[in-house]
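**Q** The structure that follows is given in the form of structure tokens.
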Amino acid sequence: LIYDPVPNEPSSFWDKLKWVTPRKGGRKTSALPPPLSAERSLREATLSLSAAAAKGCRSLIPYSCLQGSRQSEPESGRPQTIDLFLPFDHAERDLNAKLKPQLHSIRASLELNSEVTATNVTILKTLLEDIFVQMMQTDPLFHLLFKRLEYTGSYSDGLRIKKADEFDINLVLNLPFEKDEFTVSDECPGHVGYEVGPAAVDRLPQEGDAKWVPLLENLMDGGRLVPDRVTQWLESVLLGVLRTYVVLSGPSSAMEKIRLRQHGPAVTLNIELKDGNQIDVDLVPVIEFRHPRWPTGVQKKGWMANMLPEDCNWFLIPKPPVPKSHLWRLHFPNIEKRLIEDQGCVKPIIRLLKAMRDSYGWNLSPYSLKTFVMSQVVKNDDAQYWHPDNQGMLFVRVLDCLGHVLAQPGPAISFFFHPEVDLTETVTRETRDNISGQIKRIVRKLWLSPDQCYELVLKDQRKGRASSDIVVGDVVWNNIRNVVSNNVSRHCSTQLLMCAGDVERDLGLDKINEILAAVKESVKSNKQYKKETMDKLREIYTDIRDINSRVAKLESINEVAKIKEDPLGMNVAIRDVKT
């Protein structure tokens with residue numbers, strides 16, 4: 020079906036729609052299965068023609084005429100299989116309207132607390148400025164290599180949910196090697212090696228200054244820049260500053276304690292605040308490469324042509340694959356950020372997936388979920404398709420597609436810039452199947468009962484209920500399950516739990532009365548249950564206080580032992596005691 024507008028010709032919209040039958044070898048061949056009716060095909064085609072009209076001539080195929088098109092699943096009315104890029108049908112638009120208020124409530128519950136966010140960002144910026152000044156003063160090599168800090172991750176991308184208490188920051192290093200003095204070798208999918216030639220190794224010490232000797236001796240091995248050595252060096256410089264660091268007045272005075280640990284490619288600062296909250300900061304040393312340089316083995320995509328040169332910069336992060344410890348991981352934060360920027364409901368959908376991951380405990384990284392959605396955006400970069408008004412339909416489509424890719428054999432979610440890298444490689448087959456099955460059940464329930472969207476997305480967080488009420492409500496629901504499972508088919512049990520509107524039809528009046536009697540009995544027993552639970556909680560709280568007291572004593576003994584081993588930490592310990 021071709022929409023072929025003619026400039027400056029006021030003919031009817033329908034006059035520009037026509038069926039085209041391709042010819043091969045001079046003979047007509049049937050390119051598409053015949054439509055059920057021309058009128059129906061044209062009506063269904065208009066669902067996607069508005070975007071085409073804005074873009075000019077564009078080939079379109081109505082979904083009713085595609086082989087393997089949607090077929091309704093028995094009982095539910097939802098499609099058995101969903102192609103993410105087929106036009107929206109009436110059922111989906113109806114579902115979208117029902118999900119809209121539910122998603123609005125979820126979005127409100129996931130929004131960042133603006134006051135807490137502003138406070139945390141101010142504290143963090145003040146602290147980092149002060150610490151990095153001292154790091155440059157105390158370590159000559161750091162003073163030479165440090166270039167700038169660059170925020171990345173979920174906070175920078177606008178994908179953080181609930182509160183901004185975790186930050187990812189790239190510490191960009193400025194290495195002293197000229198363009199022709201080093202090579203970036205493609206040795207493993209998604210990873211490269213950084214090797215410095217003999218000319219640079221000989222040149223730096225001969226410049227009459229020994230300032231680069233620590234770089235060549237401590238961070239390199241046989242001409243290779245070693246990721247773990249770079250991370251350990253950064254940790255040692257940070258630790259040296261924090262041992263004698265004194266909190267200044269102003270925003271940073273809200274800090275109580277700073278702890279340091281290495282976590283993967285990052286050096287993590289755990290900042291404890293006086294109000295009991297905590298800020299976690301991952302500092303990652305990275306090497307930057309500027310446009311037009313591009314890593315070999317990574318294909319440039321056509322959609323990158325519209326990006327600014329500075330957005331096409333890429334980085335190396337110290338996250339080597341096992342056992343190749345000399346390799347660096349490729350990192351494209353700016354490209355990823357621009358790809359999902361100004362794309363309607365893309366970011367809200369990613370935030371919803373992240374919220375579900377947290378609620379259900381899925382063993383999928385937030386980055387893999389973001390990557391999965393980015394791959395869908397690239398397949399359909401039509402801004403009208405990702406319009407905010409389509410969020411409900413697209414959320415269900417994306418969720419359904421995620422469930423299917425996890426169930427399929429082989430890689431599930433590939434690294435966006437290197438398809439050979441599976442971001443779910445560490446997830447077992449059994450775990451993938453479990454998550455997939457859970458997602459499929461959620462999608463089915465969303466179709467049957469869209470008014471339960473809030474509870475399905477934010478598991479165990481029901482609208483208008485205090486957290487203390489959730490336990491009691493679940494006890495009642497479990498009693499209903501027990502009654503139903505005794506004498507009613509498994510099908511009816513499932514229907515009862517998924518759609519309250521089907522209860523009377525499937526169970527009958529007698530069974531409903533039996534259930535209601537069980538509910539009344541549950542309400543009575545739950546009052547006693549709450550009382551007994553509160554008594555147990557009081558006992559547990561007393562035990563916890565006793566345990567905390569013992570732990571504090573053990574920590575004190577441990578601190579004394581550390582001080583004996585580390586005389587330099589004596590002043591810090593004394594100052595902590597005074598504080």
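Just so you know, the sequence shown maps onto residues 20 to 598 in the numbering used here.
All residues carry an ideal CB built from backbone N, CA and C; glycine is no exception.
Predicted model only: the values in this text are computed from it and were never measured.
1. Can you give the Cα-Cα distance for K543 and T552, rounded to whole angstroms?
2. For the alpha helix (DSSP H) containing Y473, name the first residue and the last one.
3. Could you round the C-beta distance between P284 and P217 to whole angstroms and report it? I think they count as a contact, below 8 Å.
4. Alpha carbon to alpha carbon, how far is R460 from T445? Give it in angstroms, no decimals.
5. Looking at the C-beta of Q297, does it have a partner C-beta in chain C at a distance below 9 Å?
6. Where does P381 sit, in a helix, a strand or coil, going by DSSP?
7. On a Cα-Cα basis, can you pick out the residue from R569, K549, D299 and M375 that is closest to I454?
8. Among S384, S173, F107 and D113, whose alpha-carbon lies nearest the alpha-carbon of S468?
9. Can you tell me whether T171 is buried or exposed? The criterion is at least 16 other CB atoms within 10 Å of its CB, across all chains shown.
10. Could you check if V596 is buried or exposed, using at least 16 other CB atoms within 10 Å of its CB as the buried criterion?
11. Mapping DSSP to helix, strand and coil, what is T450?
12. Can you look up K276 in the DSSP assignment and give me helix, strand or coil?
13. If I measure Cβ to Cβ from M610 and keep anything under 7 Å in the same chain, skipping five residues before and after, which residues do I get?
14. Which stretch, first to last residue, makes up the alpha helix (DSSP H) that contains K144?
15. When you compare only the Cα positions, how much space is there between L129 and A137?
16. With a CB to CB cut of under 6 Å and the five nearest residues on each side skipped, what residues in its chain are close to L146?
17. What residue range is occupied by the uninterrupted alpha helix (DSSP H) comprising A110?
18. Is the beta carbon of H345 closer than 9 Å to that of R243?
19. From K119 to K373, what does the alpha carbon distance come to, in whole angstroms?
20. How long is the line joining the alpha carbons of W405 and K198, rounded to whole angstroms?
21. Hey, how far is the Cα of H109 from the Cα of R448?
22. Which residue's Cα is closest to the Cα of T157: N296, A273, L253 and W466?
23. Look up I188 in the DSSP assignment and say whether it is helix, strand or coil.
24. Starting from the C-beta of L258, find all residues in its chain whose C-beta is less than 8 Å away, skip the five residues before and the five after it, and write them out in chain order.
25. Nearest-angstrom Cα distance between V462 and Y379?
26. Cβ of V417 within 9 Å of Cβ of Q395?
27. With a 10 Å radius around its C-beta and 16 neighbouring C-beta atoms as the bar for buried, classify S568 as buried or exposed.
28. Take the Cβ of E355 as the centre, count every other Cβ of all protein chains shown within 10 Å, and call the residue buried at 16 or more, exposed below.
29. I need the straight-line Cα distance from L388 to S575, nearest angstrom please.
30. As an exercise, report each continuous beta strand (DSSP E) stretch of at least 3 residues that is fully enclosed by the segment 335–359, in chain order.
31. In angstroms, rounded to a whole number, what distance separates the CA positions of G212 and S133?
32. Sorted by chain position, which residues of the same chain lie with C-beta nearer than 7 Å to L358's C-beta, five sequence neighbours on each side aside?
33. Buried or exposed for H282, going by 16 or more other Cβ atoms inside 10 Å?
34. Would you mind giving the Cβ-Cβ distance between R248 and N237, rounded to the nearest angstrom? I have them listed as a contact below 8 Å.
35. Measure the CB-CB distance between R557 and P367 and report whether it falls below 9 Å.
**A** From the atom records:
1. Put simply, the backbone Cα of K543 is about 15 Å away from that of T552.
2. Y473 -> alpha helix (DSSP H) spans C472 to V476.
3. P284 to P217, Cβ: 28 Å. No contact.
4. 24 Å
5. Checking the listed chains, one finds no chain C in this structure; it contains a single protein chain.
6. Note that residue 381 is Trp in the sequence shown here, rather than Pro. Three-state result, W381: coil.
7. M375
8. The residue with the shortest Cα to Cα distance from S468 is D113.
9. By the 16-neighbour rule on beta-carbons within 10 angstroms, T171 is buried.
10. exposed
11. helix
12. strand
13. Absent from the structure is residue 610, since the part of the chain shown begins at 20 and ends at 598.
14. S133 to T157
15. 17 Å
16. S271
17. H109 to L129
18. Cβ distance < 9 Å, so R243 and H345 count as in contact.
19. 19 Å
20. 41 Å
21. 36 Å
22. L253
23. strand
24. Cβ within range, chain order: L279.
25. For V462 and Y379, the distance between alpha carbons rounds to 14 Å.
26. yes
27. exposed
28. Buried, by the Cβ-count rule.
29. Spanning the alpha carbons of L388 and S575 requires a straight line of approximately 43 Å.
30. 346–350
31. 42 Å
32. Once the five neighbours on either side are set aside, the close Cβ partners of L358 are M393 and V396.
33. H282 should be labelled exposed.
34. 7 Å
35. Going by beta carbons, R557 and P367 fall outside the 9 Å limit.
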